[in-house]
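Trainee:
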Amino acid sequence: MAIWDAVSPSTDSYAWATVMYPDGTHVVAEVEPLAAGASESWTSAESGNTYPTRWQVRIPALDAYLTVDVTGNRHQEIVIHGDGRYEATAAFSGMYQGEDVSGKSYVEMFGDWQSKTAASQASPAASPGMVEN
70 MAIWDAVSPS TDSYAWATVM YPDGTHVVAE VEPLAAGASE SWTSAESGNT
120 YPTRWQVRIP ALDAYLTVDV TGNRHQEIVI HGDGRYEATA AFSGMYQGED
170 VSGKSYVEMF GDWQSKTAAS QASPAASPGM VEN
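Here this note's numbering is used: the first residue of the sequence shown is 70, the next is one more, and so on.
#1: From the DSSP output, read off the bridge partner residues of A71.
#2: Go through its chain and collect everything with a Cβ distance to T122's Cβ below 6 Å, but skip five positions before and after it.
#3: Taking the beta strand (DSSP E) that P121 falls in, what are its first and last residues?
#4: To the nearest whole angstrom, what separates the beta carbons of E156 and S113, a pair I think is in contact under 8 Å?
#5: Considering only C-alpha positions, which residue in the set V88, W124, V137 is nearest to Q166?
#6: Since A130 and E99 should fall inside the 8 Å C-beta cutoff, what is the C-beta to C-beta distance between them, to a whole number of angstroms?
#7: Give me the Cα-Cα distance between A75 and S82, rounded to the nearest whole angstrom.
#8: State the Cα-Cα distance for the pair S162 and V148, rounded to the nearest angstrom.
#9: Which same chain residues, not among the five before or five after H95, have their C-beta less than 7 Å away from its C-beta?
#10: Rounded to the nearest angstrom, what separates G93 and L103 at their Cα positions?
As structure tokens, then:
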């Protein structure tokens with residue numbers, strides 16, 4: 070499973086999941102925007118960027134509800150030409166189609182990942198990111 074949340078320069082956020090099944094078939098499903106479920110932020114001393122390190126991920130069409138947490142050292146930012154990119158190992162747990170699931174994952178955040186819509190919400194903004202298991 071790969072989960073994406075792409076935030077445009079306007080107020081648009083497009084979030085989706087791609088699920089690949091063992092038989093080679095796949096499904097693309099809408100994900101509730103990650104901004105509302107983002108929390109436990111970390112701020113880089115080098116770039117000044119703030120990144121969430123925990124997400125509540127909801128994929129209603131797949132009956133999937135996951136918690137994703139960055140594991141290990143949170144200081145995983147790469148700064149190139151002044152732009153920060155956060156890449157870290159993570160773990161997930163939750164429910165997928167009525168079954169308990171858990172595993173290892175990977176989180177990647179870069180660019181201007183805070184939309185105007187997310188900035189107006191009470192929760193911290195999420196990222197154009199990826200979670201894989």
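Heads up, the beta-carbon is just placed ideally off N, CA and C, and yes, glycines get one too.
Mentor: Answer, in terms of the structure:
#1: Beta-bridge pairing links A71 to T87.
#2: Closer than 6 Å at the Cβ level, and outside the excluded window around T122, lie E109, W111, V139, R143.
#3: Element bounds for P121: 119-128.
#4: Approximately 12 Å separates the beta-carbon atoms of E156 and S113; this is outside 8 Å, ruling out the contact.
#5: It is V88 whose Cα lies nearest to the Cα of Q166.
#6: With a contact defined as Cβ atoms closer than 8 Å, A130 and E99 qualify at about 6 Å.
#7: Distance between the alpha carbons of A75 and S82: 6 Å.
#8: Distance between the alpha carbons of S162 and V148: 30 Å.
#9: Closer than 7 Å at Cβ, skipping near neighbours: T87, V88, M89.
#10: Their Cα atoms are separated by approximately 27 Å.
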